[in-house]
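Below: the structure, in structure tokens.
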Amino acid sequence: MRIRGIQFSPALGNVEKNYDAHERHIKDAVRDKIDFIIFPELSASGYHLKDIVYDVSLAPGSDMIKKFEKMSRDIDILIGAPYEEIPGIIYNTALFFSQGQLVHKHRKVQLPNFGMFEEGMIFKPGDNFKTFKIGDFTAGIIICREILFPVHAYLYYLQEVDFLIGISNSPVRGIGEEGFAPSFKLWERLGEVYAVNYHLNYVFINRTGFEESLCFGGGSFFAAPGQGILKKAAYFDEDILDFEINKEDVRISRISTNYLRDENPGLILKELKRILNA
Amino acid sequence: MLEIDSEAAAKILVKFIRDTVYKHHFKNGILGVSGGIDSAVVLALTQRALGSDHTFALLMPYKFSSADSLTHGKQICDQLNVAYETVDISPSVDAYFDRFATEDRVLIGNKCARERMSVLYDFSARKKALVLGTSNKSELLVGYSTLFGDSAAAFLPIGDLYKTQVFAIAKYLQVPDEIIKKKPTADLWADQTDEGEMGVTYNELDEILFQLIEKRKRVEEVEKMGYARATIDKIRRLVINSQYKRTMPPVAKIQNRAIGVDFRYLRDWLK
């Protein structure tokens with residue numbers, strides 16, 4: 001399966017302009033015979049929405065949703081958007097379109113709400129990590145801060161996910177002697193863990209550009225099962241990340257280390273119950 | 279502790295300047311160049327971001343300004359091939375003090391800073407250029423600035439760099455040694471230095487601020503690191519007492535959505 005990640009800079013609150021960018025990239029991807037195109041978190045709207053969120057959220061059945069559904073007749077598409085599922089209730093959502101329909105949604109469970117982040121002010125958190133199919137692959141989506149809680153990827157791993165998709169809006173911070181390396185290592189370190197220890201094809205697609213003070217760092221990458229990071233997009237600049245995934249790598253990884261075979265979720269559940277009841 | 283990768287910092291600040299200026303539909307940037315290190319660094323970053331043809335400098339001496347200030351200001355502009363104009367603010371400042379005489383150096387200094395702001399914003403409109411501020415994080419945190427004077431700008435490219443980090447990035451940007459080596463000064467009167475005014479060296483100020491702000495250390499923890507309690511307390515007081523300089527004036531909320539309280543938008547709204 002040929003996949004393309006789009007590392008770009010959405011305009012804050014300008015849904016029409018962002019739609020045009022999506023459409024342009026989707027047309028290019030169809031031309032290049034790509035099977036699946038991935039955009040970053042909140043690709044339709046930009047990140048630091050504050051009160052703009054009430055003007056720009058996508059609604060079920062809206063013209064914008066229908067346009068993405070139509071384009072998905074030619075290619076599978078994943079976008080990020082504020083999604084007003086119930087009037088007045090907005091989720092930070094990843095929307096997967098395939099074969100002319102919106103077929104899967106992941107509502108971000110972990111909403112950062114501290115320091116420069118205010119997602120808890122505007123979004124309702126989701127409450128599950130369900131899988132879906134992309135061709136023969138069992139896929140799962142984790143959004144930005146969810147990636148930083150390895151137990152979320154673990155839930156997908158237990159559901160035998162072989163393609164985990166991380167989408168993000170991560171600003172760089174904490175410059176030191178190594179520049180912004182720690183901001184990128186934060187994501188790359190876990191990507192290596194997921195690919196190797198959870199036997200997954202793992203992709204991380206982060207946005208770039210600025211919103212007022214914040215600089216989003218890009219640095220998208222693909223990590224192969226049992227191997228780790230094989231391909232990286234540029235830091236800071238807009239870029240395109242093309243890669244291929246296959247199921248055989250997942251199988252080889254599983255039989256090489258047997259982590260999934262030896263996994264004992266029943267024990268984890270028993271211990272969780274003991275801890276919670278203590 | 280305060281060491282940074284200057285190349286990485288410069289790269290992101292150049293992008294920040296370019297993005298901010300273009301996003302707000304400008305092509306040009308303008309700033310006041312004092313002959314000191316902060317404005318030299320911002321000028322060098324702006325020139326990299328927008329090009330020499332789209333960077334404009336104003337040199338705005340007052341009659342008490344040292345001759346070196348003007349010389350060094352011209353030197354950095356020439357080095358970067360940036361056009362500048364010299365506007366002597368003495369006639370307009372003195373016209374005011376002829377009517378309202380004072381010997382108070384702080385009043386004169388503040389008036390000069392606001393006169394420079396006024397000239398800068400006038401030239402901003404004439405040149406269709408966005409105003410870049412030159413405040414660094416150390417002075418922003420302790421409030422070492424004139425409200426609506428040198429603190430007035432469209433954006434602050436080096437506002438998250440401590441002064442000692444500005445020195446490092448200045449070297450990377452090849453700011454002339456004469457500018458880097460001289461004592462930082464607001465140049466409001468002869469022999470004035472920032473460190474003399476604040477009663478602490480930039481090294482010590484930055485180290486203490488770094489621990490309190492970036493590392494979120496408690497005062498007691500910073501004291502255990504070997505810094506004098508009186509100095510830490512003084513710096514902490516300066517930070518707290520100058521918070522008003524770092525925020526927009528509060529609006530008295532009487533509607534459902536007061537500006538700055540629950541009417542919340544970034545400047546990038548629909549840009």
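Chains as they are written, first to last, in our numbering: chain A, 1 to 278; chain B, 279 to 549.
The C-beta atom is built at its ideal place from N, Cα and C for all residues, glycine as well.
Values in this document were obtained by computation on a predicted structure and should not be read as measured data.
For residue 505 of chain B, the residue or residues it bridges with in DSSP: Partner(s): none; residue 505 of chain B has no beta bridge.
Quick one: give me the first and last residue of the alpha helix (DSSP H) that residue 54 of chain A is part of. 53-56
Would you please state the rounded distance, in angstroms, between the beta carbons of residue 543 of chain B and residue 52 of chain A? I believe it to be under 8 Å. 6 Å
Any Cβ of chain A within less than 9 Å of the Cβ of residue 282 of chain B? yes
Bridge-paired residues (DSSP) for residue 101 of chain A: A/98
Distance cutoff 9 Å, beta carbons only. Does residue 100 of chain A sit that close to anything in chain B? no
Check the DSSP bridge columns for residue 242 of chain A and list the partner residues they point to. A/4
Measuring straight from C-alpha to C-alpha, what distance separates residue 412 of chain B and residue 436 of chain B? 7 Å
I need the boundaries of the alpha helix (DSSP H) containing residue 291 of chain B, first residue and last residue. 284-301
Got a sec: which bits of the segment 49-61 of chain A sit with their beta carbon under 8 Å from any beta carbon on chain B, in order along the chain? 50, 51, 52
Spatial neighbours of residue 202 of chain A within its chain, please: C-beta separation below 6 Å, excluding the five flanking residues on both sides. 164, 191, 194, 195, 223
Name the residues in the segment 1-24 of chain A whose C-beta lies less than 8 Å from a C-beta of chain B; which are they? 11, 12, 13, 14
At a Cβ cut of 9 Å, what residues of the segment 169-187 of chain A count as close to chain B, listed as they run along the chain? 172, 174, 175, 176, 177, 178, 179, 180, 181
Tell me, which residues are paired with residue 92 of chain A by DSSP? A/82
Can you pull the chain A residues whose beta carbon is under 7 Å from the beta carbon of residue 542 of chain B, in chain order? 50, 51
Inspect the beta-carbon positions of residue 112 of chain A and residue 80 of chain A and report whether they are closer than 9 Å. no
Are residue 260 of chain A and residue 157 of chain A close, meaning C-beta to C-beta below 9 Å? yes
Is it right to say residue 207 of chain A is buried, meaning 16 or more other beta carbons lie within 10 angstroms of its own, or is it exposed? buried
In the DSSP assignment, what are the bridge partners of residue 202 of chain A? A/164, A/223
Can you say whether residue 325 of chain B is buried or exposed, counting buried as having 16 or more other CB atoms within 10 angstroms of its CB? buried
Rounding to the nearest angstrom, what Cα-Cα distance links residue 388 of chain B and residue 417 of chain B in this structure? 15 Å
Own chain partners of residue 343 of chain B with C-beta closer than 8 Å, once the 5 adjacent residues on each side are dropped: 465
If you pair each beta-carbon of the segment 12-32 of chain A with each one of the segment 174-183 of chain A, do three or more pairs fall below 8 Å? no
Just confirm the distance between the C-beta atoms of residue 244 of chain A and residue 546 of chain B, as a whole number of angstroms; I'd bet it's less than 8 Å. So it is not a contact: roughly 36 Å between Cβ atoms.
How about residue 409 of chain B and residue 308 of chain B: are their beta carbons less than 9 Å apart? yes
With the cut-off set at 9 Å, would you say residue 43 of chain A and residue 22 of chain A are in Cβ contact? yes
Neighbour list for residue 304 of chain B in chain A, Cβ cutoff strictly below 9 Å: In chain order: nothing, as chain A lies at least about 15 Å away.
Closer than 8 Å: is that where the CB of residue 488 of chain B sits relative to any heavy atom of the ligand NAD? The ligand NAD is not part of this structure, which contains no ligands at all.
With 16 other CB atoms within 10 Å as the buried threshold, where does residue 485 of chain B fall? buried
So, using beta-carbon positions, are residue 129 of chain A and residue 106 of chain A closer together than 9 Å? yes
Can you pull the DSSP bridge partners for residue 107 of chain A? A/93
Just the Cα atoms here: how many angstroms apart are residue 266 of chain A and residue 274 of chain A? 12 Å
For residue 351 of chain B, report the span of its alpha helix (DSSP H) as first-last. 345-358
Does residue 545 of chain B come within less than 9 Å of chain A when only Cβ atoms are used? yes
In chain A, which residues lie less than 7 Å from residue 513 of chain B when you measure between Cβ atoms? Ordered by position in chain A, no residue passes the 7 Å Cβ test against residue 513 of chain B, which lies about 22 Å from the chain.
Identify, in the order they occur along the chain, each residue of the same chain with its Cβ nearer than 6 Å to the Cβ of residue 48 of chain A, setting aside the five sequence neighbours on each side. 211
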